[in-house]
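See structure below.
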Amino acid sequence: MKKLLSLLLVLLFLLPVGGAALAESTAAPAKDFVEISDLDGLLAIADDPDGNYLLTADIDMASTIWQPIPFRGTLDGAGHTLYNLQISAVGEDTRVTRDGNLVPYDTVFSGLFSVMENATVRDLHLVGVRMAVDGKEHCFVGMLAGYMYRCNIQGCSVQGQARLTNYAVMSGIGGIVGYGAGDFGYCRADVELVFEDRNLEERCEQFMGGILACGLVNIEDCVVRIQGYDSCHGYVHNGGLVGMYYYCGMDVHSQSVRRNEIYGQITFFEDNPNRRAYCEPTLGEEMSVPGNYYSNEDEFERNEVFEYDKVLKPEPCEEPEYQTTLVAPTCEDWGYAVHECRICGYSWADSYFPPQHTPGEWEIVTPADETHEGLREKHCTVCGELLTRETYTVAPPEPEPTEEIVTVRGADTTEALSVVFRGSAQAKHAEGATGPLTWTSENPDIVSVDPDGTVHGLRHGEATVRYDSQNGLYHGTCRVSVYYSFWQWFLIVFCFGWLWYV
Numbered sequence: 001m002k003k004l005l006s007l008l009l010v011l012l013f014l015l016p017v018g019g020a021a022l023a024e025s026t027a028a029p030a031k032d033f034v035e036i037s038d039l040d041g042l043l044a045i046a047d048d049p050d051g052n053y054l055l056t057a058d059i060d061m062a063s064t065i066w067q068p069i070p071f072r073g074t075l076d077g078a079g080h081t082l083y084n085l086q087i088s089a090v091g092e093d094t095r096v097t098r099d100g101n102l103v104p105y106d107t108v109f110s111g112l113f114s115v116m117e118n119a120t121v122r123d124l125h126l127v128g129v130r131m132a133v134d135g136k137e138h139c140f141v142g143m144l145a146g147y148m149y150r151c152n153i154q155g156c157s158v159q160g161q162a163r164l165t166n167y168a169v170m171s172g173i174g175g176i177v178g179y180g181a182g183d184f185g186y187c188r189a190d191v192e193l194v195f196e197d198r199n200l201e202e203r204c205e206q207f208m209g210g211i212l213a214c215g216l217v218n219i220e221d222c223v224v225r226i227q228g229y230d231s232c233h234g235y236v237h238n239g240g241l242v243g244m245y246y247y248c249g250m251d252v253h254s255q256s257v258r259r260n261e262i263y264g265q266i267t268f269f270e271d272n273p274n275r276r277a278y279c280e281p282t283l284g285e286e287m288s289v290p291g292n293y294y295s296n297e298d299e300f301e302r303n304e305v306f307e308y309d310k311v312l313k314p315e316p317c318e319e320p321e322y323q324t325t326l327v328a329p330t331c332e333d334w335g336y337a338v339h340e341c342r343i344c345g346y347s348w349a350d351s352y353f354p355p356q357h358t359p360g361e362w363e364i365v366t367p368a369d370e371t372h373e374g375l376r377e378k379h380c381t382v383c384g385e386l387l388t389r390e391t392y393t394v395a396p397p398e399p400e401p402t403e404e405i406v407t408v409r410g411a412d413t414t415e416a417l418s419v420v421f422r423g424s425a426q427a428k429h430a431e432g433a434t435g436p437l438t439w440t441s442e443n444p445d446i447v448s449v450d451p452d453g454t455v456h457g458l459r460h461g462e463a464t465v466r467y468d469s470q471n472g473l474y475h476g477t478c479r480v481s482v483y484y485s486f487w488q489w490f491l492i493v494f495c496f497g498w499l500w501y502v
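Residue numbers for the sequence shown follow the numbering used here, beginning at 1 and rising by one.
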């Protein structure tokens with residue numbers, strides 16, 4: 001249950017952060033950026049990896065197994081989130097990586113981006129990442145990128161699980177990036193990292209870090225929560241921030257590591273008679289010295305074990321029995337599914353969905369009437385946040401019949417009788433009506449009406465006459481009953497028969 005409670009705190013931890021420096025870094029003119037609002041737009045980055053992109057919405061990645069792509073442009077997340085990202089492959093691009101002895105290795109990489117060079121990523125959040133990569137070749141993985149060179153990453157966060165199974169020599173796993181050089185500022189990582197070495201013939205060079213596995217970077221004002229598990233039959237380089245802090249033959253200089261917070265632990269073994277066993281709260285092995293290195297705080301545990309026949313994993317059960325619980329989203333926190341083992345209590349989460357407000361009823365700010373628009377608002381019933389505001393109109397009520405006109409077929413009194421209704425309509429609504437009134441009869445075979453409102457009875461029956469103003473705000477109706485006179489009855493019935501009457 002302890003891990004479950006920790007999981008429930010993840011979303012609070014991942015709330016967007018920043019300050020004055022971050023605000024300056026995000027002030028890019030939107031007109032220079034290609035806007036991305038869905039998965040297809042994100043996939044299209046592969047067609048122009050040098051472009052500038054702006055996220056305009058959170059994007060659910062659950063419908064695809066992501067293929068890592070290279071990137072050399074700018075991605076402004078604008079505070080939006082890519083969630084349910086699933087990665088199991090490496091990218092096509094390779095780069096040379098070097099160990100502490102500067103031995104070169106042709107290496108493959110995995111992450112949202114495989115290789116990033118001269119790129120900027122800011123205000124982007126990854127939630128619910130699940131990586132499981134088999135490193136058949138020398139391989140580095142990170143949730144954002146496997147490799148970076150001269151890149152700037154500001155105000156970003158990652159949350160999820162990453163696992164790397166190694167069959168080669170040079171391998172590393174980082175919470176945000178695997179290998180390289182650049183800058184991190186105001187970033188957050190809440191990560192579970194698992195490394196398994198299956199190369200029993202050669203001693204691997206293994207690297208693990210909450211921010212970066214291996215390289216030389218600026219890391220300032222970042223927060224890391226890490227649960228690491230490292231089964232290595234070679235040389236271990238583990239750190240809460242960086243596994244091995246080293247220039248690795250890159251054209252970069254000593255950097256700054258300051259004002260960072262690190263929480264968690266790394267459990268590991270180093271099955272190697274020539275033990276080094278580097279594992280520290282900030283920098284696992286310092287082969288380069290940061291120019292500015294201060295104000296870093298940690299609650300970190302180095303947990304080394306000395307039994308090498310069992311792979312170290314976060315789930316202690318060989319055959320776990322999971323039960324699933326859905327955690328509903330709130331106004332600020334993400335919803336997700338929690339899978340907890342009934343036996344050991346280990347839990348993990350997936351199927352994330354965004355925070356959601358609970359809309360209330362419409363609240364009237366300014367009432368509307370038949371001649372003026374009103375204003376209304378809808379707020380969240382939980383937190384009170386304004387969700388939407390809109391103008392609205394009130395449709396005039398359908399009028400009840402106001403007059404009844406009894407006419408006689410062909411009689412001269414037809415127009416005179418219609419004047420009563422016509423006059424009251426014009427007098428009542430002349431002030432608000434625009435243009436002439438439009439007159440219609442619902443049954444013109446019984447009653448016809450002239451454009452000026454004169455009513456004519458044509459045959460026995462009833463019909464409704466209606467008028468409407470041009471602006472649609474005024475209506476009126478009159479029920480008209482048409483009767484025959486005595487002589488019309490006589491002529492119809494006795495002279496022409498019942499067919500005419502019918």
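C-beta: ideal position from N, C-alpha, C; glycine also.
query, result
"Under 6 Å: does the beta carbon of R95 sit that close to some heavy atom of the ligand NAD?", "Here there are no bound small molecules, and the ligand NAD is not part of this structure."
"Using 10 angstroms around the beta-carbon of I518, count the other beta-carbons present and answer buried if the total reaches 16, otherwise exposed.", "Not covered by the structure: residue 518. The range shown for the chain is 1 to 502."
"With respect to the alpha helix (DSSP H) encompassing L216, which residues constitute its N-terminal and C-terminal limits?", "Premise fails: L216 lies in the beta strand (DSSP E), L212 to E220, not in any alpha helix (DSSP H)."
"Write down every uninterrupted run of the alpha helix (DSSP H) in the region 353 to 381 whose length is 4 residues or greater and which is fully enclosed by it, in chain order.", "none"
"In three-state terms, what does DSSP make of G249?", "coil"
"Could you round the C-beta distance between D350 and G175 to whole angstroms and report it? I think they count as a contact, below 8 Å.", "Wrong, their Cβ atoms sit about 18 Å apart, outside the cutoff."
"So, helix, strand or coil for D47, using DSSP?", "helix"
"With C-beta atoms as the reference, is V447 less than 7 Å away from V480?", "yes"
"Could you tell me how far apart the beta carbons of L241 and V223 are, in whole angstroms, since I believe they sit closer than 8 Å?", "10 Å between Cβ atoms; not a contact."
"Please identify the residue among C139, N296, N260 and Q255 whose C-alpha is closest to the C-alpha of M208.", "C139"
"Using alpha carbons as the reference points, say which of V191, Y263 and P290 lies closest to E301.", "Y263"
"Can you tell me whether DSSP reads G41 as helix, strand or coil?", "helix"
"Across which residues does DSSP place D230 in a beta bridge pair?", "F195 and F268"
"Could you pull the DSSP bridge partners for L386 from this structure?", "H379"
"Between the alpha carbons of S469 and G453, how many angstroms are there, rounded?", "13 Å"
"Which partner residues does L126 have in the DSSP bridge list?", "L82 and V158"
"What are the boundary residues of the beta strand (DSSP E) that Q516 is part of?", "This structure gives no information on residue 516, because the portion of the chain shown stretches from 1 to 502."
"Go through its chain and collect everything with a Cβ distance to G91's Cβ below 6 Å, but skip five positions before and after it.", "P68, F109 and S114"
"Pull up the CB-CB distance for L312 and F268, whole angstroms please, since I reckon it's below 8 Å.", "7 Å"
"Within 10 angstroms of the Cβ of S295, are there 16 or more other Cβ atoms? Answer buried if so, exposed if not.", "exposed"
"Would you report the Cα separation of T64 and V252, rounded to the nearest angstrom?", "37 Å"
"Applying the criterion that 16 or more other CB atoms from any shown protein chain within 10 Å of the CB defines a buried residue, is W334 buried or exposed?", "buried"
"Identify every residue that forms a DSSP beta bridge with T440.", "R466"
"Locate the beta strand (DSSP E) running through H456, then write down its first and last residues.", "V455 to G457"
"Go through its chain and collect everything with a Cβ distance to E192's Cβ below 7 Å, but skip five positions before and after it.", "Q161, Q227 and P314"
"How long is the line joining the alpha carbons of A132 and L200, rounded to whole angstroms?", "20 Å"
"Label F306 either buried or exposed according to how many other C-beta atoms from any shown protein chain fall within 10 Å of its C-beta, with 16 as the threshold for buried.", "exposed"
"Measuring CB to CB, does C380 end up less than 7 Å from T358?", "yes"
"Smallest Cα separation from E319: which of T371, E297, R188 and G345?", "G345"
"Would you list, in sequence order, the uninterrupted beta strand (DSSP E) runs of no fewer than 3 residues that lie entirely inside the region 291 to 326?", "292 to 294 and 297 to 304"
"Below 7 Å between beta carbons: does that hold for L216 and S157?", "no"
"Measure the beta-carbon distance from M170 to Y105 and round it to whole angstroms, keeping in mind my assumption that it falls under 8 Å.", "4 Å"
"From this set, A463, G73 and Y336, which residue's C-alpha is nearest M148's C-alpha?", "G73"
"To the nearest angstrom, how far is the alpha carbon of N292 from that of Q255?", "7 Å"
"Check D76 in the structure and name its three-state DSSP category.", "strand"
"Which residues does DSSP pair with H237 in a beta bridge?", "F207 and Y278"
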